[in-house]
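Just so you know, the sequence shown maps onto residues 9 to 249 in our numbering.
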Amino acid sequence: MNHSTPFHLARVSFLLIISVIFLSSCASRYFSPLPAPREPLKIRNLGDLPYNELWQGFVFNGEKVGFAHLKIVPMTEVHQYQILSEAHLRLRFMGLEKHISLKSDDKVRPDLTLVSFHYEQKMDEKPLILVGTATDGTLRILQKSGATEKSAEIKLSGPLYPTSVINLYPVLKGMEVGSQYRYGVYDPQTQSMTEVVQSVIEFEESKKLALEPAFKVETHMHGHTASSWINMKGETIFEAP
């Protein structure tokens, strides 16, 4: 990114994404293939995105159980971006009820590589805080849980990304059908380094779900696969595990 380029965010898009939690094999029934765009996306940095905020609703068995919010803030003085995100879930399943709250503050370079993070997780009122910085080829992490503190250092073998950019990574790489991406992330849920593999499978639309044409992206992580549909503006409009 040219550091003199202004961060154009004339429009704030409050996009409601309905993430229906059901098997991906069922989700595929709602989508129909379309001819792929002749040219890949031309979004090359976060400043090219036509939005800086996204809202996401989570639905389970027809009931709204939570929401997620992501906001991108330019830090022009240091040529970086702050990615703020939060998610709140309340699940009732087989007589059990779980309250989950997640907040993250990632600072990234224009190419999405991680500079630092601050994560707060709370499950049933039990808090966990993770603070980290990636400098000089080393990830340094401080973990706080109640009165307990632990620190760790992990040597990096290559570029590292936060999980908050997983759906942004293919967008900034010129997403087109047939593309595949492989990169490393630090996952605060498992507190571990892991590899993400993404494939752009198809260009589809769903008239049944009233969803515009979008790229279907499959993301493989921790042995699981999730599907996301990302439109031509780089917005994730639907997700299914």
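Glycine is no exception: its CB is placed at the ideal position from the N, C-alpha and C atoms. For clarity, every value in this text was computed on a predicted model and none was experimentally measured.
**Prompt:** Would you call Val-86 buried or exposed, if buried means 16 or more other Cβ atoms sit within 10 Å of its Cβ?
**Reply:** exposed
**Prompt:** On the three-pair Cβ rule with 8 angstroms, is the stretch 93-103 touching the stretch 59-76?
**Reply:** yes
**Request:** List the endpoints of the continuous beta strand (DSSP E) containing Pro-221.
**Result:** 219-229
**Request:** Determine the closest residue to Ser-200 out of Glu-161, Ile-238, Ser-187, with distance taken between C-alpha atoms.
**Result:** Glu-161
**Request:** Report yes if the CB atom of Ser-214 is closer than 8 angstroms to the CB atom of Lys-224, and no otherwise.
**Result:** no
**Message:** Pull the bridge partners of Phe-75 from the DSSP assignment, please.
**Reply:** Gly-65, His-96
**Asked** Taking C-beta to C-beta, are Glu-247 and Ala-44 nearer than 8 angstroms?
**Response** no
**Item:** Euclidean distance between Cα positions of Pro-41 and Trp-237
**Value:** 12 angstroms
**Message:** With H, G and I counted as helix, E and B as strand and the rest as coil, what does DSSP make of Val-208?
**Reply:** strand
**Prompt:** So Leu-164 and Leu-147 are in contact, right, with Cβ under 8 angstroms, and what is the actual spacing, rounded?
**Reply:** 6 angstroms
**Request:** In the DSSP assignment, find the unbroken beta strand (DSSP E) run with Val-139 in it and report its ends.
**Result:** 134-143
**Request:** Under 7 angstroms Cβ to Cβ from His-166, same chain only, skipping five residues before and after it: list those, please.
**Result:** Note that residue 166 corresponds to Gly in the displayed sequence, not to His. Excluding positions up to five away in sequence, the list reads Gly-192.
**Asked** What do you get for Ala-222, buried or exposed, if any count of 16 or more other CB atoms within 10 angstroms of its CB means buried?
**Response** buried
**Asked** So, are the CB atoms of Leu-122 and Ala-142 less than 8 angstroms apart?
**Response** yes
**Message:** Going by beta-carbon coordinates alone, are Met-322 and Lys-106 separated by less than 8 angstroms?
**Reply:** Since the first residue of the chain shown is 9 and the last is 249, residue 322 is not available in this structure.
**Message:** With a threshold of 6 angstroms on Cβ separation, who are the neighbours of Lys-241 within its own chain once the five nearest residues in sequence on each side are excluded?
**Reply:** Pro-58
**Prompt:** Looking at the structure shown, is Tyr-127 part of a helix, part of a strand, or coil, going by DSSP?
**Reply:** strand
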